[in-house]
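Below is one structure; the comments refer to it alone.
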Amino acid sequence: MKKFFYWIGLVIINLLGIILSLLTSTGLISSSNSSLNTNKIDKNIEKLRELKWFNDLYVDERHHKSFFVSLKVRKYLQSNILISRLKNNQKEQKKFIQLLEDVAKIRKKN
């Protein structure tokens, strides 16, 4: 019986570790190192620029600056999980476009 609880405990600890790493990589919770990885962001942008819809946004004057100065957009682009979803999911693409629109509105007000 002790072995059973030992294995259950190991499974729970591993699952919690996986969940925590997913949450920190998607930016839902902050990790202790809050700096952005510019190289990772640049690589993810290059991957996304292969997609016409993304490239159209990237070259659009209203949004181009956001890819470099908006912390929200850059945190999003740093996450490999979100980039994978963005490439494969239209609903996620709409969310990203809405994020860019919101950032553009805020920048226009200032």
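In numbering that gives the first Met the number 0, the protein residues as written are 0 to 109. Glycine included, each C-beta is placed from N, C-alpha and C at the ideal position.
Counting only the Cα atoms, N87 lies some 22 Å from D59. A check of alpha carbon separations from W52 across S78, L85, Y5, A103 identifies L85 as the nearest.
For the pair L35 and Q77, the CB atoms are nearer than the 7 Å cut-off. When the beta-carbon positions are compared, N43 and I82 come within less than 7 Å of each other. The Cβ-Cβ distance between N54 and R48 falls below 7 Å. Counting of Cβ neighbours within 10 angstroms places L19 among the exposed residues, the total staying below 16. For a cut-off of 8 Å, the C-beta gap from L99 to L56 is around 6 Å, short enough to register as a contact.
Shortest Cα-Cα distance from T37 to any of I11, A103, V68 involves V68.
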